[in-house]
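**Q** Right, I'll just put the structure down here and ask away after.
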Amino acid sequence: MSAQRPKRSSPSRRRFLHQAGLGGAALALGSACSSAAGSKAPEAAQTPQSADSGTSGSNKPVVLSTWYHGLPANDAAWALLSTGGTALDAAEAGVRIPEADPQSNSVGYGGLPDRDGHVTLDACIMDHEGHCGGVAFLEGYKHPISVARKVMEETPHVLLTGQGAAQFAAEMGFQQEDLLTPEARADWQEWLRDGHHAPPVNAQNHDTIGLLALDGEGRLAGACTTSGLAYKMHGRVGDSPLIGAGLYVDGAVGGATATGMGEMVIKVCGSFLVVELMRQGASPQEACEAAVRRIAERQDLEDRQVGFLALDRQGRTGAFAIRGGFNYALTHEGQHGMQDAASLVP
Ligand code: ASP
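Numbering (the numbering used here), first residue to last: 8 to 353.
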C-alpha cells in the first residue's frame, strides 16, 4: 500500500506533534481504516483522548489477533466477550489455544527451539488500567501467558525471566512439562545439519500470537506470546514479553501488538509507538502504518517482516506490515474471519 498525500495540519498541531517527537508522519498516512466498528465512531480517534481508565459502559466487543492461529484464539476469546466476559480474561483464554496446540510451531507447546534445542518462551499481558506482567526466556511451562498474568496479579514486578520465572511458575502451581515435540525436535535436527549454528533471520521463521480485545464494558486488554525466533541464540529475548514493544494497552486510547522480527520492534518501542500515535489523533490504521515506516526509516529491511495490529477504544482496528503475507483474525458481531494486512512492500 502506498501512502496518500499528506494532510495539512494546523501550525499549533504541527508544533505539538514535533514537540512530542512523533513528527507528522502518523497524520500524513491517510489509508482507509480496516474497521470492526469503525463506522460507528469515525471521528473519535481524531481528538486527543482523555486520561480516564477507558471504560465507556457499553461497547460492541471486538477481538483481533495475528496469523491463522488467531482464528481459534478469537473463538475462545469471543466465547467470553460475547457473554459478558472481560477483555483481560478473553485475551488470556484466546492465546492459550495456540500455546497448547502442538501444530502451532511458533507458540508454546510445539514451538521450535533455540539453536541449542531449548524451547524458551516469551509472553506478556496488559489491561486497560496499565496493569501488566511478563515472562521471558521461560522453559518448561506450556502457558507462559498465564504465568505472565500471575506476575501481574501476584507480584510487585512486571517481568520475570529464565530460572526465576520458572521457579515462580512452579510456586504458582503450574505444571512443568517437556515442550519439545518430536516434530519440533526433528525440524531442529534437520536445521542443525546445515544451519552452521547461525540463527536464520528472515520473514519465515517466526509467528507470534498477539491478541487485542475490547469488551462490552469498553475495557481493552491484550496478550502476546511466542516461542520467538526459531533457532535463536540461547538466552535471546524478543519483543513479545516486553511491555511497549510486543504489546501495549492504554484504556483511554487503544492497544497495539506486534509480530515479526523482535529486534526491529524493540528498537522503536513499536507497540507503544502505535498507541502514542493514536493518542495524537492517528487512526489505528494510520498508526500501524506510521510505525512500520518508522522502522523502515533507519533499519535494514532485507527480507525481514514486522506487522502491527491496533485496536482503539471505539473498536476501530488497524493492521500494517513491512511486507505482504501478514494476516490476522478479526471477530466482532456478524464477522469472524481472516483479513490480509496492507504492507509497505508487496
Ligand atoms: N516477535 C517474535 C520474536 O521476535 C517473533 C514473531 O512474532 O514472529 O521473538
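We put the CB at the ideal spot given by N, CA and C, even for glycine.
Determine the DSSP secondary structure at residue 221, reduced to helix, strand or coil.
**A** Residue 221 falls in the strand class under three-state DSSP.
**Q** Put residue 227 into one of helix, strand or coil per three-state DSSP.
**A** Residue state, collapsed to three classes: strand.
**Q** With hydrogens ignored, establish whether the beta-carbon of residue 345 is closer than 7 Å to any heavy atom of the ligand ASP.
**A** It does not: the Cβ of residue 345 is nowhere closer than 7 Å to a heavy atom of the ligand ASP.
**Q** Touch check for the region 214–227 and the region 140–149: three-plus C-beta pairs under 8 Å?
**A** As far as the Cβ criterion goes, the region 214–227 does not touch the region 140–149, which means the pair count is below three.
**Q** DSSP on residue 307, reduced to helix/strand/coil?
**A** Looking at residue 307 - three-state DSSP - the assignment turns out to be coil, as it is neither helix nor strand.
**Q** Helix, strand or coil, according to DSSP, for residue 139 in the structure here?
**A** Of the three classes helix, strand and coil, the one that applies to residue 139 here is strand, per DSSP.
**Q** Tell me which same chain residues have a C-beta within less than 6 Å of the C-beta of residue 273, skipping the five on either side of it?
**A** Within the same chain, residue 273 has close Cβ partners 246, 252.
**Q** Ignore the nearest five residues each way along the sequence and tell me which others in residue 151's own chain have a CB closer than 6 Å to its CB.
**A** Hits under 6 Å: 128, 130, 142, 145, 232.
**Q** Are the beta-carbon atoms of residue 335 and residue 316 separated by less than 8 Å?
**A** Taking 8 Å as the Cβ cut-off, residue 335 and residue 316 qualify as a contacting pair.
**Q** Ignoring anything shorter than 3 residues, give me the beta strand (DSSP E) runs that lie fully in the region 56–119, in order along the chain.
**A** For the region 56–119, whole beta strand (DSSP E) runs of length 3 or above, ordered along the chain, are 69–73.
**Q** What residue range does the beta strand (DSSP E) around residue 133 cover?
**A** Run containing residue 133: 128–134, per the beta strand (DSSP E) assignment.
**Q** Is there at least one non-hydrogen atom of the ligand ASP closer than 7 Å to the beta-carbon of residue 119?
**A** It does not: the Cβ of residue 119 is nowhere closer than 7 Å to a heavy atom of the ligand ASP.
**Q** Does any residue of chain E bring its CB to less than 8 Å from the CB of residue 348?
**A** No chain E appears in this structure, which consists of one protein chain only.
**Q** Could you tell me whether the region 160–171 touches the region 111–126, using the rule of 3 or more Cβ pairs below 8 Å?
**A** Output reads no: the region 111–126 does not touch the region 160–171.
**Q** Residue 76 and residue 105 look like a contact to me (Cβ under 8 Å); what is the Cβ gap, rounded to whole Å?
**A** So it is a contact: roughly 4 Å between Cβ atoms.
**Q** Could you tell me if residue 338 is buried or exposed, where buried requires 16 or more neighbouring beta carbons within 10 angstroms of its beta carbon?
**A** Buried.
**Q** On the three-state DSSP scale, how would you describe residue 16?
**A** A caution first: residue 16 carries a pLDDT of 32, below 50, which makes its placement in the model unreliable, though a value can still be read off. Three-state result, residue 16: coil.
**Q** Below 6 Å CB to CB, which residues in the same chain sit around residue 175 once its five sequence neighbours on both sides are set aside?
**A** Same-chain partners within the cutoff: 167.
**Q** Return yes when at least one heavy atom of the ligand ASP lies under 7 Å from the C-beta of residue 215, else no.
**A** Under cutoff, so the answer is yes.
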